[in-house]
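In this note's numbering, the protein residues as written are 12 to 143.
The next block holds one structure in the form of structure tokens; read it before the comments.
Here it is as structure tokens:
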């Protein structure tokens with residue numbers, strides 16, 4: 012996680028420098044606050060990654076001499092024939108439309124559909140075995 016923490020530390024420095032330059036060139040309060048808060052949030056994430064990286068063993072991404080084959084292995088299990096991602100995508104798109112037009116009734120329907128689709132996706136393989 013050292014690579015990730017370094018990325019966020021660079022972003023933090025950029026955001027704070029941009030905020031200082033923006034403060035000098037303009038005196039617009041909202042933009043100044045947004046840039047300083049963005050830098051602060053980036054600092055929080057970078058600090059967390061740096062803290063966690065001390066407790067983890069070194070990964071291939073952290074070793075500059077690592078080969079691509081060092082990171083080989085099982086990534087995870089992905090269902091080959093699941094229809095739940097389509098339901099999640101449809102529900103999220105419906106929620107986006109509801110938010111864009113601020114239809115509260117459609118937000119409620121889309122929220123329920125989204126929760127059902129996410130629940131179906133997460134618990135797809137956690138079904139009780141059939142008993143005879």
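From the three backbone atoms N, C-alpha and C, an ideal C-beta is built for every residue, glycine too.
Fair warning: this is a prediction, and the values are worked out from it, not measured in the lab.
Straight-line Cα distance separating residue 55 from residue 119: 33 Å
Among 113, 136 and 107, the one whose alpha carbon lies nearest that of residue 125: 107
Counting Cβ pairs, one atom from each stretch, are 3 or more of them under 8 Å apart for the stretch 19-28 and the stretch 56-64? yes
On the DSSP letters alone, give me the boundaries of the alpha helix (DSSP H) that residue 104 sits inside. 95-112
Could you spell out where the alpha helix (DSSP H) holding residue 26 opens and where it closes? 13-36
Same chain, Cβ closer than 7 Å to residue 42, neighbours up to 5 away in sequence not counted: 33
Cβ atoms of residue 87 and residue 131: under 8 Å apart, would you say? no
Taking just the CA atoms, how far does residue 113 sit from residue 94? 28 Å
On a Cα-Cα basis, can you pick out the residue from 63, 82 and 66 that is closest to residue 72? 82
Does the Cβ-Cβ distance between residue 148 and residue 111 come in under 8 Å? It is not possible to answer for residue 148, since the shown part of the chain is limited to 12 through 143.
When DSSP labels each residue in this structure, what does residue 73 get in the three-state scheme? helix
CB of residue 52 within 8 Å of CB of residue 29, strictly: no
Residue 60 - containing alpha helix (DSSP H), residue span: 40-64
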